[in-house]
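The structure appears right after this line, and notes come after that.
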Amino acid sequence: MMPLRLSLKGVGRVTILATLVALGASANAATLDGKKIFQDQKCDMCHAVSSAGITPTGKIKAPDLTEVAAKEDAAFLTKFLRKQADKNGKKHIKAFTGSDEELGALVAWLQKQTKAAK
Numbered sequence: 009m010m011p012l013r014l015s016l017k018g019v020g021r022v023t024i025l026a027t028l029v030a031l032g033a034s035a036n037a038a039t040l041d042g043k044k045i046f047q048d049q050k051c052d053m054c055h056a057v058s059s060a061g062i063t064p065t066g067k068i069k070a071p072d073l074t075e076v077a078a079k080e081d082a083a084f085l086t087k088f089l090r091k092q093a094d095k096n097g098k099k100h101i102k103a104f105t106g107s108d109e110e111l112g113a114l115v116a117w118l119q120k121q122t123k124a125a126k
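In my numbering, the protein residues as written are 9 to 126.
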């Protein structure tokens, strides 16, 4: 791969570099699969997501997340899954251990999980 050389000086160069980095991060986040992250993080040990055909694999039966996350603010869900916020006076049982990008993709995927119209 050939290095990209820009002849711009000062602020112009920094602005272009920042834009390229942001575009790369957005493209990477868009390719992350929330369902795969959910399963890789073993969220399905406790939670079902019936809209995605996921049933709990463990003994703890936490709520089915179909339609639950859609009712919550993404910023709150992010903090809750990082154990930085409470819901009904309780923190999430396990802190999310993936990257910020993975957590963002997971939250976005969960918020799209709704029951099909009858």
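Note that CB positions come from ideal geometry on N, CA and C, so glycine has one too. Since the structure is predicted, the reported quantities are computational estimates derived from the model, not experimental observations.
Neighbourhood of residue i by C-beta distance below 7 Å, restricted to the same chain and skipping five residues each side
| i | result |
| --- | --- |
| K43 | A60, W117 |
| A70 | C54, H55 |
| H100 | F88, L89, K91 |
| G106 | I45, Q49 |
Pairwise C-alpha distance: residue j and residue i
| i | j | result |
| --- | --- | --- |
| K91 | I68 | 19 Å |
| K79 | C54 | 20 Å |
| F46 | K120 | 13 Å |
| D41 | G97 | 30 Å |
| D94 | T86 | 11 Å |
| D108 | V76 | 21 Å |
Proximity to residue i [Cα-Cα], best of the options
| i | options | result |
| --- | --- | --- |
| L111 | K98, N96, K123, F88 | F88 |
| G148 | A83, L114, T39, C51 | The shown model of the chain, from 9 to 126, leaves out residue 148, and the question about it has no answer. |
| D48 | S58, L114, D81 | L114 |
| T74 | V57, A83, D108 | V57 |
| T122 | D72, T39, T63, P64 | D72 |
Residue i - DSSP class collapsed to helix/strand/coil
| i | result |
| --- | --- |
| V115 | helix |
| I101 | coil |
| I62 | strand |
| K95 | strand |
8 Å CB neighbourhood of residue i in its chain, flanking five on each side removed
| i | result |
| --- | --- |
| A103 | L89, R90, K91 |
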